[in-house]
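Student:
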Amino acid sequence: MNKTLTRLFEQHQLNRQELTDLIIAALENPQPLFRLARETTARHYGDSVFIRGLIEFSNYCSRNCLYCGIQRANRSLDRYRLTEDEILDCCHQGAELGYNSYVLQSGEDGYYTDEILVRIIRRIKQQFPKAAIALSIGERDFSSYQQLYRAGASRFLLRHETANQHLYHRFHPQMSFTERQQCLLNLRKAGFNIGAGFLVGLPGQSLADLVDDLLFLKQLQPEMVGIGPFIAHPETPLGGYKNGSLEITLIMLAIARLLLPLSLIPATTAVTTLKSAGRSQALLAGANVVMPNLTPTAAKVKYELYKNKAGIADDSQQALNKIKDVILQAGLIPDLGRGDPVKKIINRESAKC
Ligand code: SAH
């Protein structure tokens, strides 16, 4: 494994077979991989871990993604929408705590027209001009993405979920694999920094599928990469299946870091939900972003992608303090700045060739 790892560390690429062999070797002994991933993060971002405030503003969803607890077909879920003022209040609370970066996430909720979203984004930017706004609201058309970008949102998280077309169609009824990937390209064209990523441990997903997910990311070169374990939600058709593995998720995250050294990679809540030490393990395996929750408690408990979501009982202040402690205990530095991606410096001489 050492030769392959060194090559990955130095050249940031491997072929399909090499990636497969590396994953198998890392399942025996992941530490060398994790160390190099952490070293790579430090080389570009130092010891900073960027903290973004997550605002889950609606759990209404028109989709039926089989794994997801807020899917339309889940009738047992109490639905909510935050008002524009409530969303603004979350940002105010965040600003008081020191935040400069927000992630607005929701199901695909048709209530939020372009006009409403543009107004929300403009109001946030008026009151907090320096803050970065990321959206995670699913698929929309190009003109919608353009309007949201022009209003002042600059980042958009849209996981590709799986690079296996068959699995994608199995788990996303009435959705299109190519359409989702086209959305990522449209987002980039509209000007956004984009976040792609995938679920680990979906029923029927193979090692080869995970390798394809990594190769997809390498090719797309997103600024942000979200990788998390599948967690079975009892009120979904996948309720009876096994959760994804934390170990494999960490290995995927570390390899993603080495393939895309400049990317921003969160230690996801799903990782922490599987195991409380998961977050610090992810930070020591190449992750450099965390997203504590700013959603009001009454709403947050209903944003139930999966059960037993970590940190659900904490208020915004507690959530932030806990996360800061985890970061410090991992020997890293909490950073409440915007946490912009480091951009590749293009060598003008070589660019001419
Ligand atoms: N509607 C938005 C946001 C979706 S929720 C969108 O389509 O992008 C954010 C992410 O949570 C999803 O992309 C999915 O990868 C993840 N997720 C949903 N249900 C999950 C589950 N049961 N276990 C783990 N992750 C889940």
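Take my numbering: the final residue in the sequence shown is number 357, and no numbers are missing along the way.
From the three backbone atoms N, C-alpha and C, an ideal C-beta is built for every residue, glycine too.
1. With a threshold of 16 other CB atoms inside 10 Å of the CB of residue 177, please say whether the residue is buried or exposed.
2. What's the gap between the Cα of residue 90 and the Cα of residue 152?
3. With H, G and I counted as helix, E and B as strand and the rest as coil, what does DSSP make of residue 168?
4. How would you label residue 71, buried or exposed, when you count the other beta carbons within 10 angstroms and need 16 or more for buried?
5. Going by the DSSP bridge assignment, what does residue 133 pair with across the sheet?
6. For residue 288, name the three-state secondary structure that DSSP assigns.
7. Reducing DSSP to helix, strand and coil, say where residue 355 ends up.
8. State yes or no: is the C-beta of residue 197 within less than 7 Å of the C-beta of residue 159?
9. Applying the criterion that 16 or more other CB atoms from any shown protein chain within 10 Å of the CB defines a buried residue, is residue 210 buried or exposed?
10. Is residue 324 near the ligand NAD, judged by its Cβ being under 6 Å from some heavy atom?
11. Report the rounded CA-to-CA distance for residue 97 versus residue 314, giving the unit in angstroms.
12. Any heavy atom of the ligand SAH closer than 6 Å to the beta-carbon of residue 62?
13. Confirm the yes/no value for this check: CB of residue 211, any heavy atom of the ligand SAH, distance under 6 Å.
14. Would you mind sorting residue 119 into buried or exposed? The rule is 16 or more other CB atoms within 10 Å of its CB.
15. Alpha carbons only, please: which of 109, 82, 81 and 235 is nearest the one belonging to residue 310?
16. Can you have a look at residue 304 and say buried or exposed, based on whether 16 or more other CB atoms are within 10 angstroms of its CB?
17. Measure from the alpha carbon of residue 64 to the alpha carbon of each residue in 56, 73 and 58, then state which is nearest.
18. Skipping 5 residues on each side, what residues in its chain have a beta carbon closer than 7 Å to that of residue 286?
19. Just curious, the beta strand (DSSP E) that residue 337 is in, first and last residue?
20. Can you tell me whether DSSP reads residue 138 as helix, strand or coil?
21. Beta carbon of residue 281: closer than 6 Å to some heavy atom of the ligand SAH?
22. Are the CB atoms of residue 93 and residue 306 within a distance shorter than 7 Å?
Tutor: The answer reads as follows:
1. Result: exposed.
2. 19 Å
3. coil
4. buried
5. Answer is none; residue 133 lacks a bridge partner.
6. coil
7. Reliability of the predicted coordinates at residue 355 is poor, the pLDDT of 48 falling under 50, and the value obtained from them is presented with this limitation in mind. Of the three classes helix, strand and coil, the one that applies to residue 355 here is helix, per DSSP.
8. yes
9. exposed
10. With respect to the ligand NAD, the structure offers nothing, as its ligand set consists of the ligand SAH.
11. 21 Å
12. no
13. no
14. exposed
15. Residue 235 holds the alpha-carbon nearest to the alpha-carbon of residue 310 among 109, 82, 81 and 235.
16. buried
17. 73
18. These residues qualify, in order along the chain: 254, 257, 271 and 275.
19. 337-339
20. strand
21. Residue 281: no, Cβ never under 6 Å from the ligand SAH.
22. Their beta carbons are not under 7 Å apart, which means residue 306 does not touch residue 93 by this criterion.
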